[in-house]
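Numbered according to this note's numbering, the sequence shown terminates at residue 557, and the numbering increases by one at each position without gaps.
Structure first, then comments.
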Amino acid sequence: MSQFEVLMKRYQGMVFSQAKKAFLTEEEAEDFTQEVFLKAYESLSQFRGESQFSTWLFQIARFRLTKVFKKKKLPIADWQEDITVVADRSKPSVIEILDKEETSHNLRTLVSKLPKSYQMPILLHYFENKPLKEIAADLNIKLGTIKSHISRGKDLLRKWWSHEIEN
Numbered sequence: 391m392s393q394f395e396v397l398m399k400r401y402q403g404m405v406f407s408q409a410k411k412a413f414l415t416e417e418e419a420e421d422f423t424q425e426v427f428l429k430a431y432e433s434l435s436q437f438r439g440e441s442q443f444s445t446w447l448f449q450i451a452r453f454r455l456t457k458v459f460k461k462k463k464l465p466i467a468d469w470q471e472d473i474t475v476v477a478d479r480s481k482p483s484v485i486e487i488l489d490k491e492e493t494s495h496n497l498r499t500l501v502s503k504l505p506k507s508y509q510m511p512i513l514l515h516y517f518e519n520k521p522l523k524e525i526a527a528d529l530n531i532k533l534g535t536i537k538s539h540i541s542r543g544k545d546l547l548r549k550w551w552s553h554e555i556e557n
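Here it is as structure tokens:
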């Protein structure tokens, strides 16, 4: 398996879960996800490693999303209104997704500072929506240990996050 395939496998859940919130059908979300990874593959030589791969990938997804909505001739100011009318109201609008990018980036930065034993279970559970039992099996770690690592990691994140907000 190539390194890109490993990265794709690791991050496709994150991109797809965000795409499902922006598009009306799963088919559109799947197409968008494939388009993002195709663009990432084509642009891989431009990745300089100055940020995490996930941050770079999310930037590509954001740019592609903007392009899709501009093609549909939806002015940026009207996205929220148009999406709210058509989409399921329990899902956040495109504007809300884009506004959360900075928060998501800050959170990912904090997660990357966690000890490795906490980091992977949190990424898999909260960013890729994997069930705890699957994470335990994938990492070959007992379920109770996974729960403990996630709990301790979340405690550290809360502490660091409140410190970030104060500053």
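Ideal Cβ placement from N, Cα and C applies to all residues, glycine included.
Here the structure is a predicted model, which is why all the values come from computation and not from measurement.
query	result
Alpha helix (DSSP H) containing T423: first to last residue?	416 to 432
Alpha carbons only, please: which of S433, E416, V426, Q393 is nearest the one belonging to R452?	V426
Starting from E440, trace the alpha helix (DSSP H) both ways and give me its first and last residue.	Element bounds for E440: n/a, residue is neither H nor E.
Keeping to the same chain, check which residues put their C-beta closer than 8 angstroms to that of L547; ignore five residues upstream and five downstream.	L497, L500, V501, L504, I512
Determine the direct distance from the alpha carbon of S507 to that of L522, and round the result to whole angstroms.	14 angstroms
Assign A527 to buried or exposed, taking buried as 16 or more other Cβ atoms, counted over all protein chains shown, within 10 Å of its Cβ.	exposed
Where do the N-terminal and C-terminal ends of the alpha helix (DSSP H) with S392 fall, by residue?	Here S392 belongs to no alpha helix (DSSP H), and DSSP marks it neither H nor E.
My guess is that F413 and F422 are in contact by the Cβ rule of under 8 angstroms, so how many angstroms apart are they, rounded?	6 angstroms
Just mark Q393 as buried or exposed, buried being the case when its beta carbon has 16 or more other beta carbons within 10 Å.	exposed
Got a sec? Which residues, its chain only, sit under 8 angstroms from Q509 by beta carbon, not counting five neighbours each side?	V501, S502, G543
Contact check, Y516 vs L447 under 8 angstroms by CB: the rounded distance?	About 17 angstroms separates the two Cβ atoms, so there is no contact after all.
Which residues bound the alpha helix (DSSP H) around I512?	506 to 512
Is the beta carbon of A419 sitting closer than 8 angstroms to the one on K429?	no
Note down the Cα distance separating K520 from E417, rounded to an integer number of angstroms.	21 angstroms
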